[in-house]
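To keep things clear, I will list the structure first and then write my remarks on it.
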Amino acid sequence: MSNSYFQKCVYLKKEIINYITTIFRVYDDELVLKLEDYNLLKNRHNCLESSTAPGFIIEEFIVSKLEKYSKKENIFCINRAKDNTATNHSYDCYTEFKNLLCMINIKVQKDKGQNNAISAINILHRDYCSNPSQEKAYLIIKIHYTFNDSNSKNERVLSILGVDGYFLEEVNFSDGHKQDSRNWSKEFKAQSGRLLINDSFRNKNKCDITQISYQKTFDFIKQIAHSE
């Protein structure tokens with residue numbers, strides 16, 4: 003049984019990962035972090051390598067490049083989320099393809115690290131479940147990196163190790179879900195916690211291809227957003 007919704011998702015994932023891989027390849031998968039011509043990683047005791055800052059920098063870099071690259075390719079255009087901050091949206095950029103609105107969440111993960119938080123559930127619910135007549139899909143892209151001394155560039159760099167991704171719709175949540183308890187209000191609200199999906203959970207809870215749909219994931223998000 004064919005699933006035209008999932009076929010569109012598969013195509014988008016393949017093309018978007020190809021876009022990102024091509025962008026990094028231009029730089030030989032090595033990014034130099036410079037400010038006023040100074041390599042911020044030059045000093046071995048720099049504070050960046052032990053912080054989350056490089057992740058945000060890579061994220062901003064790739065979203066900006068995707069906007070330009072996708073317009074040049076002219077198959078589908080990727081646009082930055084409007085008024086985008088960490089609390090305004092559950093995604094970083096989006097594209098529209100054959101009446102499907104695809105929200106793209108860029109996650110950057112340091113080698114041997116973990117970055118499994120998808121989004122605050124209440125924000126994900128607002129983005130995914132508003133205007134239900136518009137069919138949507140939610141793509142999580144993971145960019146893996148480490149720090150290296152580059153032989154070709156003769157300086158310390160951010161080294162891109164690989165890019166992969168999956169759709170939220172590919173995950174079967176019928177046996178429950180995982181979330182953290184991050185909360186910004188005085189009163190605890192479960193909906194403020196972030197949905198967590200690690201590799202183990204995803205591999206154990208794969209949706210049958212014929213069952214993958216916007217409606218199924220819509221119902222799940224709506225359910226957890228209204229749970230106590």
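Residue 3 is where the sequence shown starts when you use my numbering, and the numbers rise one by one after that. We treat Cβ as the ideally placed atom computed from N, Cα and C, and that holds for glycine.
- Judged by DSSP secondary structure, D129 falls within the alpha helix (DSSP H) whose first and last residues are 123-131.
- Nearest to G178 by C-alpha distance, out of L163, L197, I162, V165, is L197.
- Short of 6 Å from the beta carbon of N117, and not among the five residues preceding or following it, lie these beta carbons of its own chain, in chain order: K109, Q111.
- Of the candidates A139, I162, N5, the residue whose Cα lies closest to the Cα of Y29 is I162.
- Taking a C-beta distance under 7 Å as the contact criterion, L170 and E137 do not qualify as a contact pair.
- Relative to N156, the option among I22, L33, R27, T23 whose CA is nearest is L33.
- Looking only at D113, F175, A139, the smallest Cα-Cα distance to K10 is reached by A139.
- In this structure, I199 lies away from F8, with their beta-carbon atoms at least 7 Å apart.
- For T148, the closest of S132, R158, D113 by C-alpha to C-alpha distance is D113.
- The criterion of a C-beta distance shorter than 7 Å is not satisfied by R204 and V165.
- Taken in chain order, the complete alpha helix (DSSP H) segments of 4 or more residues contained in the region 148-229 are 201-206, 216-227.
- Assigned with DSSP and collapsed to three states, K144 falls in strand.
- In terms of Cβ geometry, I143 and G115 do not form a close pair [threshold 7 Å].
- Between the C-alpha atoms of S194 and I77 there is a straight-line separation of about 36 Å.
- In this structure I106 touches I18 by the C-beta definition: roughly 7 Å separates them, less than 8 Å.
- By the 16-neighbour rule on beta-carbons within 10 angstroms, A122 is buried.
- Here L14 is near C104, since their CB atoms are less than 7 Å apart.
- Per DSSP, the continuous alpha helix (DSSP H) segment holding C11 begins and ends at 6-28.
- In the structure shown, V34 adopts coil according to DSSP, grouped into three states.
- For the options L43, K206, I214, A227, the alpha carbon positioned closest to that of S132 is the one of A227.
- Looking only at H127, I59, S92, the smallest Cα-Cα distance to L37 is reached by I59.
- Its chain contains Y21, I25 as the residues whose beta carbon lies nearer than 7 Å to that of Y71, once the 5 sequence neighbours on both sides are disregarded; these appear in chain order.
- Note on geometry: alpha-carbon atoms of S152 and R158 lie some 6 Å from one another.
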